[in-house]
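Scroll down for the structure; my scribbles are underneath it.
Residue numbers (this note's numbering): 1430 to 1796.
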């Protein structure tokens, strides 16, 4: 039988061989964090049919935010879940990389190529624009383009795009082409071809508490995307001027429509926080979202408590793994932990976010 490398096994969409190769690499002394980093080229091309959105490259970027919350000996299990999830899905066909750089490329040419539904041309133009104008300008323009399609894309035209772009900039050791080709394919499939005019007057460049409460209210995948989208915008704010950031936040607010604030009412608001992970996992395994959210409320007041909260949730999600996960279990986890750490002293907002995510995860794992 042919001995596949880990990347080859993922490329071949063979989760059993990928899992076996991952164990072998650990056995040879490789660190799980380094193995994760090595996956970059193939992960950019992982698809999630029937959806067009590049959920898995986004999950890959967010996974690195989750790793520091775990103890060193716990990181391999998170990366093992990643490996299986990337391996079990089909891959985007390889888009040939251009041999030479084009002359000066206006961003309007990229929009025209997207409108023509020409993935190869779009990728070539994106790559040239990236080379000529720089990565941050490319990120700014592509995210502003995506801001016009939030209702159409359920927020992914910003949320997936932002994490892939940020990862592309942070991984300067890697060829940017796989990420650019993925984004070209996605924008063509989504028909995201026209940059909207900035809103006038520009909304504030900080999300209002009422909008955040609206985002974290409600159950299910649509409501979870409201939280994931503002998490992505906040992570990309450095690319934008104040009026552009206000436009993005205003677009997110409009994306939520007439959704109302629905504060979660916990059955046991005074429940003591779990004393250790074993006690937490016992409660977590009962799949009662309100009880779990109530138990975590007591960990919010201190940095040490919030770190424990993060570890408990990440490890709990990993330990529940059944071999077939929705990538939003990880992208949603990233968004709720962002709320916890940014707004920890605003109890109604944090409890809404905790319940929204935990309920979504439990609903998925019950089926």
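Heads up, the beta-carbon is just placed ideally off N, CA and C, and yes, glycines get one too.
Predicted model only: the values in this text are computed from it and were never measured.
ask   = Using the C-alpha atoms, what's the distance from residue 1593 back to residue 1563?
value = 16 Å
request  = Spatial neighbours of residue 1447 within its chain, please: CB distance less than 7 Å, with the 5 preceding and 5 following residues excluded, ordered by chain position.
outcome  = 1435, 1438, 1439, 1512, 1513, 1516
Length-filtered (3 minimum) beta strand (DSSP E) runs lying within the region 1612-1639 = If we require 3 residues or more, the region 1612-1639 turns out to have no beta strand (DSSP E) run fully inside it.
message = Going by beta-carbon coordinates alone, are residue 1507 and residue 1461 separated by less than 9 Å?
response = yes
key: Neighbour-count burial assignment, residue 1781, 16 or more Cβ in a 10 Å radius   = With 16 or more other CB atoms across the displayed protein chains lying within 10 angstroms of its CB, residue 1781 is buried.
query = Using CA coordinates, which residue listed in 1464, 1483, 1466, 1479 is at the minimum distance from residue 1473?
reply = 1483
query = Going by beta carbon distance, what residues of the same chain come within less than 6 Å of residue 1728, once the five residues before and after it are set aside?
reply = 1702, 1734, 1737, 1738
query = Below 9 Å between beta carbons: does that hold for residue 1785 and residue 1646?
reply = In this structure, residue 1785 sits near residue 1646, with a CB-CB distance shorter than 9 Å.
query = What separation, rounded to the nearest whole angstrom, lies between the Cα atoms of residue 1588 and residue 1711?
reply = Residue 1588 and residue 1711 have their alpha carbons spaced roughly 33 Å apart.
key: Coil, strand or helix - residue 1774 by DSSP   = coil
task = With DSSP collapsed to three states, give me the class of residue 1477.
result = strand
request  = State the Cα-Cα distance for the pair residue 1479 and residue 1658, rounded to the nearest angstrom.
outcome  = 21 Å
inquiry  = For residue 1481 and residue 1615, I'd like the C-alpha separation in whole angstroms.
reply    = 7 Å
Buried versus exposed, by CB contacts within 10 Å (16 or more), residue 1457 = exposed
message = My output table needs one value for residue 1487: the three-state DSSP class, helix, strand or coil.
response = helix
key: For residue 1593, the first and last residue of its enclosing alpha helix (DSSP H)   = First-last of the alpha helix (DSSP H) with residue 1593: 1585-1599.
ask   = Cα separation between residue 1494 and residue 1662?
value = 16 Å
key: 9 Å Cβ cutoff met for residue 1795 and residue 1716   = yes
request  = Identify whether residue 1744 lies in helix, strand or coil by the three-state DSSP scheme.
outcome  = helix
key: Buried/exposed call for residue 1670, threshold 16 Cβ in 10 Å   = exposed
query = At which residues does the alpha helix (DSSP H) containing residue 1564 begin and terminate?
reply = Per DSSP, residue 1564 belongs to the alpha helix (DSSP H) from 1564-1575.
task = Along the alpha helix (DSSP H) that carries residue 1520, what are the first and last residues, could you check?
result = Unbroken run through residue 1520: none, as it is neither H nor E.
request  = Taking all protein chains shown into account, decide if residue 1761 is buried (16 or more other Cβ within 10 angstroms of its Cβ) or exposed.
outcome  = buried
query = If you draw a straight line from the alpha carbon of residue 1827 to that of residue 1567, how long is it in whole angstroms?
reply = Lying outside 1430 to 1796, the shown extent of the chain, residue 1827 is not represented and no answer is given.
key: residue 1441 versus residue 1466: straight-line alpha-carbon distance, rounded   = 19 Å
Same chain, Cβ closer than 8 Å to residue 1778, five either side skipped, listed in chain order = 1638, 1641, 1642, 1645, 1768, 1772
query = Is the beta carbon of residue 1395 sitting closer than 9 Å to the one on residue 1598?
reply = A question about residue 1395 goes unanswered here, because the residues of the chain that appear run from 1430 up to 1796.
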